[in-house]
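Novice: Numbered by our numbering, the letters in the sequence shown go through residues 45 to 378 in order. All residues carry an ideal CB built from backbone N, CA and C; glycine is no exception. In this text the structure is predicted, and so the values were computed from the model without any measurement.
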Amino acid sequence: MPSSDSDGVSHPPLKRPRTEDSAKTQDRPPILRSDVWYDDGNIIVIAESTQFKVFKGKLSEASTIFQDMFLVSTPSTDDVLDGCPVIHISDSAEDVRHMLRAIHNWQLYPYQDLLPFAAVRAFLRMGKKYNIHYLWEDGRQPGDVWVAISSATLHDVIRLAWETPLLCVLPQALFSRCSWPTSWNRSFTGNLEKMDHCLPYPLRYKRDDILGGEIGDDGSSVKLSVEDTLRCVLGRERILEFQAKHSYGWLQSECISSSPPCTIAKLDTFGQLCGPPLKIRCPPGVLWVAEWDETFCSKCVAFGKSVFTSSEEALWKALPSFFDLPPWAELKAP
Ligand SMILES: [Zn+2]
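#1: Helix, strand or coil for residue 131? Go by DSSP, reduced to three states.
#2: Would you report the Cα separation of residue 115 and residue 211, rounded to the nearest angstrom?
#3: Where does the unbroken beta strand (DSSP E) through residue 418 begin, and where does it stop?
#4: Can you give the Cα-Cα distance for residue 310 and residue 275, rounded to whole angstroms?
#5: Compute the Euclidean distance between the alpha carbons of residue 218 and residue 129, then round it to the nearest angstrom.
#6: Is the segment 288–303 touching the segment 363–375, taking contact as three or more C-beta pairs under 8 Å?
#7: Which residue's Cα is closest to the Cα of residue 287: 339, 270 and 357?
#8: According to DSSP, simplified to helix, strand and coil, what is residue 229?
#9: Restricting to Cα atoms, I'd like to know which of 284, 285, 344 and 273 is closest to residue 299.
#10: Report the residue from 208, 176 and 90 whose alpha carbon sits nearest the alpha carbon of residue 109.
#11: Contact check, residue 168 vs residue 204 under 8 Å by CB: the rounded distance?
#12: Where does the unbroken beta strand (DSSP E) through residue 79 begin, and where does it stop?
#13: Excluding sequence positions up to five away, which residues of its chain have a Cβ less than 6 Å from the Cβ of residue 133?
#14: Determine the extent of the beta strand (DSSP E) in which residue 91 is found, giving its start and end residues.
#15: Measure the alpha-carbon distance for residue 199 versus residue 341 and round it to whole angstroms.
#16: Taking the CB atoms as reference points, tell me whether residue 366 and residue 283 lie closer together than 9 Å.
#17: What do you reckon, is the C-beta of residue 307 under 8 Å from a heavy atom of ligand 1?
#18: Determine which residues share a DSSP beta bridge with residue 125 and list them.
#19: Give every residue of the same chain whose Cβ lies closer than 7 Å to the Cβ of residue 140, excluding the five residues on either side of it in the sequence, and list them in chain order.
#20: Under three-state DSSP, which class holds residue 69?
#21: Can you tell me where the beta strand (DSSP E) with residue 96 in it begins and where it stops?
#22: Regarding residue 267 and ligand 1, is the C-beta to nearest heavy atom distance less than 8 Å?
#23: For residue 362, which residues of its own chain have a beta-carbon under 8 Å away from its beta-carbon, when the five flanking residues on both sides are left out?
#24: Go to residue 147, then tell me how far its alpha helix (DSSP H) extends in each direction, as first and last residue.
#25: Between residue 147 and residue 214, is the Cβ-Cβ spacing less than 9 Å?
#26: From which residue to which residue does the alpha helix (DSSP H) around residue 116 run?
#27: Between the alpha carbons of residue 273 and residue 377, how many angstroms are there, rounded?
#28: Report the residue from 201, 179, 289 and 172 whose alpha carbon sits nearest the alpha carbon of residue 319.
#29: For the alpha helix (DSSP H) containing residue 199, list its first residue and its last residue.
#30: What did DSSP end up calling residue 360 once you bin it into helix, strand or coil?
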């Protein structure tokens, strides 16, 4: 594959055999040649204003949609470039580039590497639209792909989850949105389908953060839909209530060993955790504060730890309901 500039495109020295109206030509965006360009390829795919020269057989092998498209299309002498037939598809050039790169050279996306969000998004969109099973499966690979979201906002993730749809990602993505301040570094590692990999930090949080947009890499503001904003605002209140009642409720009870200092310490700790400024802490089991081992008596410590563990499991199980989403089984259904 020839080298190219950073966005994978270069201007091609192509000759178009058909005659074109010069005024029309001037109105068109400049034609770009992608770095997905095999000199011995036998078909040219055009998406937006970018051309890709690839192999028809590879496309047919990967996708029954392309296979059918080639069967029904009638070759036209007007639509020939670089000696090859041309097909126009309506997807974004970026999505098509990732799809064609993956179809022709899967090794460009090593399994052990973190994938950029643009690739994940392309795999999910293109894998579904063109029925390319392995792209869709890799795009939704839990734990290995969603950790790679190093160049996207959470809002991008949430919108993509609805679009594709990949609904099982939503509870954790919305939860993270409730827990993270807008100014939080957007690069994150975490398995959005598993609680045990989510952020182990208590974060100071302002409700207004949900209402604002997140700033993308291109400087644009990415906002949640009105529905998702409401889900986050309501979900946050429900999670705070859950944590106060289940994760920290045991702190409100008298010491198991009837020790007055332990009882006072527990009540004081509850006030700190559940008083303003309110913070969502997650996962509760991970957030056991080491100094509590000394603050409370041994019986209260043992009991508190067991409550933390069970409340963590309960929170995860109930997470979709906090955001008015269907249960996990339904969200994970193919
Ligand atoms: Zn105690």
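Specialist: On the basis of the coordinates in this document:
#1: Translated into the one-based positions of the sequence shown, residue 131 becomes position 87. Strand.
#2: Here the question's residue 115 lines up with position 71 in the sequence shown. Here the question's residue 211 lines up with position 167 in the sequence shown. CA-to-CA, the gap between residue 115 and residue 211 works out to about 35 Å.
#3: Coverage of the chain is limited to positions 45 through 378, which leaves residue 418 absent and any answer about it impossible.
#4: Here residue 310 refers to the residue found at position 266 when the sequence shown is read from its first residue. Here residue 275 refers to the residue found at position 231 when the sequence shown is read from its first residue. When rounded, the distance between both Cα atoms is 32 Å.
#5: Residue mapping note: residue 218 aligns to position 174 of the sequence shown, counting from 1. Residue mapping note: residue 129 aligns to position 85 of the sequence shown, counting from 1. Straight across, the Cα-Cα distance linking residue 218 with residue 129 is about 45 Å.
#6: Proximity of the segment 288–303 to the segment 363–375 falls short of the contact definition, fewer than three beta-carbon pairs being nearer than 8 Å.
#7: The sequence position of residue 287 within the sequence shown is 243, counting from 1. Looking at 339, 270 and 357, the one whose alpha-carbon comes closest to that of residue 287 is 357.
#8: Locating residue 229 in the sequence shown gives position 185, where the first residue counts as 1. Model confidence at residue 229 stands at a pLDDT of 39, short of 50, so the residue's coordinates are unreliable; what they give is reported in the following sentence. Coil at residue 229, not helix or strand.
#9: Position 255 of the sequence shown, counted from the start, is the residue given in the question as residue 299. That would be 344, whose Cα lies nearest to the Cα of residue 299.
#10: Locating residue 109 in the sequence shown gives position 65, counting from the first residue. When the alpha-carbon of residue 109 is set against those of 208, 176 and 90, the nearest one is in 176.
#11: As a position in the sequence shown, residue 168 is number 124, starting the count at 1. As a position in the sequence shown, residue 204 is number 160, starting the count at 1. Indeed they touch by this definition, with Cβ atoms about 7 Å apart.
#12: As a first step, residue 79 is located in the sequence shown; it is residue number 35 there, counting from the start. From DSSP, the beta strand (DSSP E) with residue 79 extends over 76–81.
#13: Residue mapping note: residue 133 aligns to position 89 of the sequence shown, counting from 1. Closer than 6 Å at Cβ, skipping near neighbours: 91.
#14: As a working note, residue 91 is residue 47 in the sequence shown. Start and end: 87–91.
#15: Counted from its first residue, the sequence shown places residue 199 at position 155. Counted from its first residue, the sequence shown places residue 341 at position 297. Cα to Cα, residue 199 sits roughly 44 Å from residue 341.
#16: As a working mapping, residue 366 is identified with position 322 in the sequence shown. As a working mapping, residue 283 is identified with position 239 in the sequence shown. Taking 9 Å as the Cβ cut-off, residue 366 and residue 283 qualify as a contacting pair.
#17: Locating residue 307 in the sequence shown gives position 263, counting from the first residue. Within the chosen limit of 8 Å, ligand 1 reaches the beta carbon of residue 307 through at least one heavy atom.
#18: Within the sequence shown, numbered from 1, the residue matching residue 125 stands at position 81. Paired residue(s): 128.
#19: Position 96 of the sequence shown holds residue 140. Within the same chain, 89, 91, 96 and 133 come within 7 Å of residue 140 by CB-CB distance, once the 5 residues on both sides are set aside.
#20: Looking up residue 69 in the sequence shown gives position 25. In this prediction, residue 69 scores a pLDDT of 49, lower than 50, which makes its location untrustworthy; no coordinate-derived value is stated.
#21: Position 52 of the sequence shown, counting from 1, holds the residue named residue 96. That run of the beta strand (DSSP E) goes 94–98.
#22: For this step, residue 267 is matched to residue 223 along the sequence shown. Within 8 Å of the C-beta of residue 267 there is not a single heavy atom belonging to ligand 1.
#23: Residue 362 sits at position 318 when you count from the first residue of the sequence shown. Answer for residue 362: 286, listed in chain order.
#24: Locating residue 147 in the sequence shown gives position 103, where the first residue counts as 1. Unbroken alpha helix (DSSP H) run through residue 147: 137–148.
#25: Here residue 147 refers to the residue found at position 103 when the sequence shown is read from its first residue. Here residue 214 refers to the residue found at position 170 when the sequence shown is read from its first residue. No, these two residues do not count as a Cβ contact at 9 Å.
#26: What you label residue 116 is simply residue 72 of the sequence shown in a count that begins at 1. Bounds of the alpha helix (DSSP H) holding residue 116 are 108–116.
#27: Position 229 of the sequence shown, counted from the first residue, corresponds to residue 273. Position 333 of the sequence shown, counted from the first residue, corresponds to residue 377. Their backbone Cα atoms lie some 25 Å apart in a straight line.
#28: For the purposes of this step, residue 319 is taken as residue 275 along the sequence shown, with counting starting at 1. Closest option to residue 319, Cα to Cα, is 289.
#29: By 1-based counting over the sequence shown, the position of residue 199 is 155. Here the alpha helix (DSSP H) through residue 199 covers 198–207.
#30: Against the sequence shown, residue 360 aligns to sequence position 316. Helix, per DSSP.
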